[in-house]
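**Q** First the structure, which I've put down as structure tokens, then a few questions once you've had a look.
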Amino acid sequence: MKHIFYIILVILIISCKNKSVTTEKNRDILTSVLHGDTLIYNTFSKSIIIEDLRTNNIIKKLSVNDLFYYSPILNSGKLFFSESNKKFVCYDLTEQRNIWEIETISIVKSVLIRGNGVILNLKNNGFIILDKVTGKEKLKIPYIYSEVCAHPDVSPYSMDILNGNLYVANWNCNSISMINLDTGKLLKKVNLGPGYTYLTVIGNKLFVGLNGNYNGGKIFILDGNTLNIEFSERVNFEDRMKPLIWKEKLIYYTFDNQIYLFDPVSHSNKVLLKLSEKDNLSGSKMILSLNNLYFHTVNFELLEYNLEDKKLKRLGLFGMRKIDNIFLKDGELIKIF
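In full-length UniProt numbering, the protein residues as written are 1 to 337.
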């Protein structure tokens, strides 16, 4: 009987191990984006893959000639991405062909699509704005080197759009620049102090985080029309960690290992979570799924923080891998590597 018990125990252990391995699929992801049940990602092996996470079926796989480090963009049934370092394309998923393509003067570092405009951030060359339907160039916004500003290009730039204007962080020696998208004219600029800034539009305001070269920092609320400062507070803002929007509030990380929740209306700025040094999030990113916040520590441990009940769970180690996205499938947490 004792031998039979041990045999059953060994079988159960092996089956559990096999199950945990098979539920984690290594996708070789460079960057990814979720659209409902659809995952779109580019890989280190130079391909773009569209996968149905409900069925685990690959819908489409496209080859590219060079790696690029932004997420492919799906918009109105079209996929926008860099086919090579000098070619940017619009691929129609229904017709399964490029409906337009353009040669670029340099590498595309980031892409932003709003309305009928496609904004490309080109390394060392500023921005070009394309017509989304035809791919024709509508406007150039060059990066200008001068005696006044000899600062090198720091693409990709944090950028966003509000009321027909493009807002760019760290542009031509300004913390924030406001540029008209019809004319390319610089309308307003503001300097908030030395260091690197991150911006995002929320409502009709700008949330701006300033990292003072890891010697302090600040957060700001700026008026979207005037760039006047409406609020500021000293925090050690980490500009390399993208803030998230949850229930019209911002979740952001500071380089002293704290996660904050900021209300842009009341200006309430609360510490959600204080992490220990071993749990710092250097080189990671925060992922929001429903009311749960997920992040990897520097030691590759995956943590889950519930924003409602304020409970922190340790979900374990996953080798030398960090998750790129999270997907809930019938109540099961699918970790996307």
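Yeah, the Cβ is synthetic: ideal placement off N, Cα and C, and Gly gets one too.
According to DSSP, is ASP279 helix, strand or coil?
**A** Correct three-state label for ASP279: helix.
**Q** Helix, strand or coil: which one does DSSP assign to PHE68?
**A** Here PHE68 sits in coil by DSSP.
**Q** Quick check: the Cα distance between ASP263 and SER158, rounded to an integer number of angstroms?
**A** Cα to Cα, ASP263 sits roughly 21 angstroms from SER158.
**Q** Determine the direct distance from the alpha carbon of LEU39 to that of ILE99, and round the result to whole angstroms.
**A** Going by the C-alpha atoms only, they are around 22 angstroms apart.
**Q** With which residues is ALA169 paired in a DSSP beta bridge?
**A** For ALA169, which the question treats as bridged, DSSP gives the partners ILE176.
**Q** Looking at the unbroken beta strand (DSSP E) that takes in LEU261, where does it start and where does it end?
**A** Segment 258-262, the beta strand (DSSP E) holding LEU261.
**Q** Buried or exposed: MET320, going by 16 or more other Cβ atoms within 10 Å of its Cβ?
**A** Answer is exposed; the Cβ neighbour count stays below 16.
**Q** Taking the C-alpha atoms as reference points, what is the distance between MET178 and PHE220?
**A** Approximately 16 angstroms, taken between the alpha carbons.
**Q** For residue 338, report the span of its beta strand (DSSP E) as first-last.
**A** The requested residue 338 is not part of the displayed model; the chain covers only 1 to 337.
**Q** Apart from the five residues just before and just after ILE49, which ones in its own chain have a Cβ nearer than 7 angstroms to its Cβ?
**A** TYR41, THR43, ILE58, LYS61.
**Q** Unbroken alpha helix (DSSP H) runs of length 4 or more, entirely within the region 301-333: which are they?
**A** You should have found no qualifying run.
**Q** Spell out the partners DSSP gives VAL118 in its beta bridges.
**A** BP columns for VAL118 point to ILE113, LEU130.
**Q** Leaving out the 5 sequence neighbours to the left and right, which residues in its chain are closer than 6 angstroms to HIS296 when beta-carbon positions are compared?
**A** Cβ within range, chain order: SER284, LEU302, LYS322.
**Q** Which residue comes first and which comes last in the beta strand (DSSP E) that contains VAL154?
**A** First-last for VAL154: undefined, no H or E at that position.
**Q** Is it the case that the Cβ atoms of ASN174 and TYR196 are separated by a distance below 7 angstroms?
**A** Not closer than 7 angstroms, so no.
**Q** Could you pull out every residue in the same chain whose Cβ sits closer than 6 angstroms to the Cβ of ILE129, ignoring the five residues on either side in sequence?
**A** Excluding positions up to five away in sequence, the list reads GLY117, ILE119, LYS138, LEU139.
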